[in-house]
Amino acid sequence: MSDLRSNETRFLEDADAIAQEIPDGASIGLPPDYSPVAMAVVRALVRRKARQLKLIGVPVLGLCADILIGAGCVREIETSAVTLGEAGLAPRFTAAAEKGALRIIDATCPMIHTGLQATEKGVPFMPLRGVLGSDLVRHHPDWKTIDNPYSEGDPILLAKAIVPDVALFHARWADEAGNVWVGRRGELATIAHASKSCYVTYEERQAGDMLEDEILAPGCIGSVYISAVAPAPRGAWPLGVPGMYGIDDAHVQAYARMANTAAGFQQYLDEFVLKPVAA
Amino acid sequence: MSDLRSNETRFLEDADAIAQEIPDGASIGLPPDYSPVAMAVVRALVRRKARQLKLIGVPVLGLCADILIGAGCVREIETSAVTLGEAGLAPRFTAAAEKGALRIIDATCPMIHTGLQATEKGVPFMPLRGVLGSDLVRHHPDWKTIDNPYSEGDPILLAKAIVPDVALFHARWADEAGNVWVGRRGELATIAHASKSCYVTYEERQAGDMLEDEILAPGCIGSVYISAVAPAPRGAWPLGVPGMYGIDDAHVQAYARMANTAAGFQQYLDEFVLKPVAA
Amino acid sequence: MNYAKEELLAVTIARLIGDARHVAVGAASPIPATGAFLLKQQNPALRISLLQKRSGNPFTEGSRELFDLAGQGRIDVFFLGGAQIDGEANINLVAAEGKRFPGSFGSAFMYFTAGKTILFREEHSPRVLVKKVDYVSAPGWSPPEIERRGGPAALLTGKALFAWQTEKRRFLLESVHPGGKADDIRANTGFDYDMPAQVPATPGPTPAELRLLRGSVAHVIAENYPEFARRVWGEARPTATT
Amino acid sequence: MNYAKEELLAVTIARLIGDARHVAVGAASPIPATGAFLLKQQNPALRISLLQKRSGNPFTEGSRELFDLAGQGRIDVFFLGGAQIDGEANINLVAAEGKRFPGSFGSAFMYFTAGKTILFREEHSPRVLVKKVDYVSAPGWSPPEIERRGGPAALLTGKALFAWQTEKRRFLLESVHPGGKADDIRANTGFDYDMPAQVPATPGPTPAELRLLRGSVAHVIAENYPEFARRVWGEARPTATT
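Chains as they are written, first to last, in my numbering: chain A, 1 to 279; chain B, 280 to 558; chain C, 559 to 800; chain D, 801 to 1042.
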């Protein structure tokens, strides 16, 4: 676990500097579209032509995954779904999946949380009720069914600990101590705790140490988990940041239309990703 | 799980009304002294002569347990320690333990968290690393060692799910929707999630619904978990509420001295518990 | 009486929810949400958790909390759909006939842990209601050794309502929506099911229900599903008689 | 040079912490905290987590987070004491000879998961340092099949410093504090241990270390352990030369 003992949060210049530090082949834990996504880094990864990434949806993937898949950055995904929400199917994911151009490990939301919680606790597995009898169990390489040691003849499913190489997300605030504030988006804390390294873009810099503030502390992820932060105002756009700005529905719908064809997707990249864009 | 489907938080008059609802024989999950303890309810339980309680320290017990044990309310405790912190040993606990007048299930902090997390997830057990070879394992009735199903010859300990009948603690705020704000005291959320019913005293009432406030929401426990709340200004005294008032060290030290003898403890009860006291 | 198809489905869902205390409604489920909020007008103690609601989300610990809540037994009713649904109430959200769908979401867990699940899919066709799903995202029933708190209660489509018969592990056609015919249901359903000699019509909304739907319910729904509210109730969100 | 016993112990602890990046210090441990903050003066990147600090607690998720952090391998050094400590580095925090102690706290976990543990107990007597503990709260070593990230590094008492010999599973008397004698250590230690022919004296604080201790370190410690700071450094908390 390369970076686990890192305890000094580094302050990087921008999203591109983060994308430079995420190596090809890395597995990346990503939040859902309704939890702040580091879209500025996603675009920077496309610009730096990242390759062979594995995306882990915690627990689902959306726009960021569709863009990375369409741009050829992704080898494999593990997720319980890929969706653009109200804008419908994720077109580049769907196309890649139907062509067989992407390894897909299908999961179900709570099993992904459970696998990350196992890593968070430092245990090799964690059990979950339900799921048995689903074809997910037959196909998933890391799940096992055992007999509940507390009750005979009671099969129960185990999730193997999931250890992403990189946690990547966006936060409303970072402070001078390297803490980030994500509010009630607890899945971001779980990803940060479970990952070998953690990169966070933020909207605004707060002075001082938010952990000294009893009101802000509960929404913070402590700097002990954070490898580096970088400023990215409106860095979740076209997705949103709760309490700051909402999802740009019109843009996501426009994306969904353009990305329906490979040519339209390339045009989207040209217009919104490959040249720097003002949100 | 009697109260799990309860979804309407009731608003009770005071700490005594809560004590009336906690039945003799109940198992009660309690936070440590540095996390707000519902001391006003503890005193009310002594006044109503509660009997045969089982106290579960999450993960340690302090003043509240010592008072309840001294007053004869307690049959059994499960905890990783009982301590008055800087004021030293918990005298009534120590006396009862050395006389053999109390069933003590010794645990270790993370195993208690783990057992509650199992209940929080709805699973019958959860694993934890370490602990093996400790005499705690030999004596604990609910822990089991299994072979890690993912790696041969790798023993690992399991905590059985802990399901307290009652969660009991104090909060800085409650709101009109029945949510309570506990800030970074995450152990309180774990106790609330894992218990069949949950009683909370609070310092101040907030208007509206704190879950609608992005800044307050991360420190809240949602009303879906809360059976009833009651006002208790300075209700944690002589313990503290982070951000409001600190521990009354002089009082706790005075307690420790008085409670060193049965007669002194009775005098403490007479003075501070049996007659209503202004903090 | 004049009412929209969506209004019929919502009142049916309200009846199916019954005496539940806590209903969780997933993203992109305006009709189940409408049914739940209609019921809440009659039973204010009903708790409704709208998942992935953009603001005022009921959870404080992120996306894990819904599943923990369900695991704890605190969710009485949940809704699931499916790209395919079969006669054993299995659902498929992953892939069929070379087509890829978004994925299983939390279905494989919620179907077991919620007190009961209402299957809801507007499209009623042999393409959706199949003999056997191509991929089991979540099974409709489990053998006795598998711990399972809940399972399907009913299957509601744009044409009909089926009740689930737990013992027989088969659907029973309970009612056909007004204007439809039992024969048409048989022709458009890929799986076999039981039916009574006389299949009743699904009861439509009462005038009181319509007043509530077009008044306070439309108002709440418009906040969370603006497109849907506009389509069903128009810009004006008329109250009372239309 | 004049210095307090606590200052000697603190500088010894600073040396034992060595190149760690993250040290966690438990409640009621002012001397380990002093050692850690002394080291931080020389290595500002050292992260110190004071557990159960009354304000400015480093954790945001409550008391579970420390243990999760340790489980993740993010705690390099931890401190443990014991009502009894034996020659195999087992510690007892539960009960001995009819006496009940507070309990094991997190020792049975932290001793395995922290990178290394410094055993610290000021009282050096046959009552504390026993041949075999009456109750193993946390074992000093584990058989090879048991996963264990860390274990004891040293045992520091008010009289001496022992190094732990992992292979031999025995302590080695490394140094005796100034003024003490190896014979006295043998007489006051209930367990057997190795010792070199010549046992050196524990190095005392350097003038530079004393300046730091009595200046910025005393200031930080006074915030968190006011009683202790007053006892060691007085009300005035003198800086530099005394």
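All C-beta atoms, glycine included, are put in the ideal place defined by N, C-alpha and C.
If we ignore side chains and look at the alpha-carbon of each, how far apart do residue i and residue j end up?
| i | j | result |
| --- | --- | --- |
| Q723/C | V688/C | 18 Å |
| D3/A | V224/A | Only weak support is given to the placement of D3/A: the predicted model assigns it a pLDDT of 48, under 50, and the value that follows is read from those uncertain coordinates. Roughly 11 Å separates the two Cα atoms. |
| Y429/B | D444/B | 34 Å |
| Y239/B | A827/D | Past the edges of chain B, shown from 280 to 558, lies residue 239/B, and the structure says nothing about it. |
| A262/A | D692/C | 28 Å |
| V293/B | L548/B | Looking at the sequence itself, residue 293/B is Asp, so the reference to Val does not match. When rounded, the distance between both Cα atoms is 20 Å. |
| G29/A | S35/A | 13 Å |
| Q267/A | A161/A | 39 Å |
| P765/C | R772/C | 11 Å |
| T393/B | M405/B | 6 Å |
| P996/D | Q20/A | 53 Å |
| I297/B | K144/A | 44 Å |
| K657/C | I589/C | 26 Å |
| K49/A | C109/A | 29 Å |
| G25/A | L368/B | 55 Å |
| F720/C | T747/C | 11 Å |
| H193/A | W173/A | 18 Å |
| G514/B | D295/B | 12 Å |
| A759/C | E565/C | 15 Å |
| S402/B | S665/C | Correcting the residue type first, residue 402/B is Val in the shown sequence and not Ser. Computed Cα separation, rounded: 17 Å. |
| L55/A | R10/A | 24 Å |
| A279/A | V508/B | Interpretation of A279/A is limited by its pLDDT of 48, a score under 50 that renders its predicted location unreliable; no figure is taken from the coordinates. |
| R1031/D | A1018/D | 11 Å |
| A1040/D | A804/D | Confidence at A1040/D is low in this model, with a pLDDT of 40, below 50, so its placement is unreliable and no value can be given for it. |
| M280/B | T373/B | For M280/B, the predicted structure reports a pLDDT of 36, less than 50, and the residue's modelled location is therefore unreliable. The matter cannot be settled from this model. |
| C426/B | V37/A | Looking at the sequence shown, residue 426/B is not Cys but Asp. Roughly 39 Å separates the two Cα atoms. |
| G957/D | G980/D | In the sequence as displayed, the identity of residue 957/D is Thr instead of Gly. Straight-line Cα distance between these residues: approximately 12 Å. |
Could you please give the first and the last residue of the uninterrupted beta strand (DSSP E) stretch that includes residue i?
| i | result |
| --- | --- |
| H924/D | Segment: none, H924/D is in no beta strand (DSSP E) and carries neither H nor E. |
| H580/C | H580 to V583 |
| A718/C | A718 to Q723 |
| E355/B | V353 to T358 |
When the distance is taken between beta carbons, is residue j closer than 8 Å to residue i?
| i | j | result |
| --- | --- | --- |
| V82/A | P660/C | yes |
| A375/B | L407/B | no |
| K1043/D | G950/D | Because chain D in this structure spans residues 801 to 1042, residue 1043/D falls outside the shown range and cannot be described. |
| V894/D | S937/D | yes |
| P238/A | I247/A | yes |
Around the Cβ of residue i, are there at least 16 other Cβ atoms within 10 angstroms (buried) or fewer (exposed)?
| i | result |
| --- | --- |
| M523/B | exposed |
| R322/B | buried |
| G364/B | buried |
| E214/A | buried |
| N802/D | exposed |
| D488/B | buried |
| D577/C | exposed |
| N601/C | exposed |
| A572/C | buried |
| T800/C | Caution applies to T800/C, whose pLDDT of 37 falls short of 50 and renders its modelled position unreliable; the model cannot decide the point. |
| G519/B | buried |
| Q331/B | exposed |
| K932/D | exposed |
| G349/B | buried |
| K959/D | buried |
Looking at the unbroken alpha helix (DSSP H) that takes in residue i, where does it start and where does it end?
| i | result |
| --- | --- |
| E1009/D | P1007 to L1012 |
| I191/A | G186 to A194 |
| H418/B | D414 to H418 |
| T952/D | Residue identity check: residue 952/D is Pro in the sequence provided, not Thr. P952/D -> not in any alpha helix (DSSP H); beta strand (DSSP E) instead, spanning G951 to T957. |
| A568/C | K563 to I575 |
| A1029/D | P1026 to W1033 |
| H251/A | D249 to M258 |
*Continuous beta strand (DSSP E) assignments of at least 3 residues falling wholly in the stretch 191-223 of chain A*: 197-206
*In chain order, each alpha helix (DSSP H) run of at least 4 residues that lies wholly inside the stretch 629-695 of chain C*: 665-671
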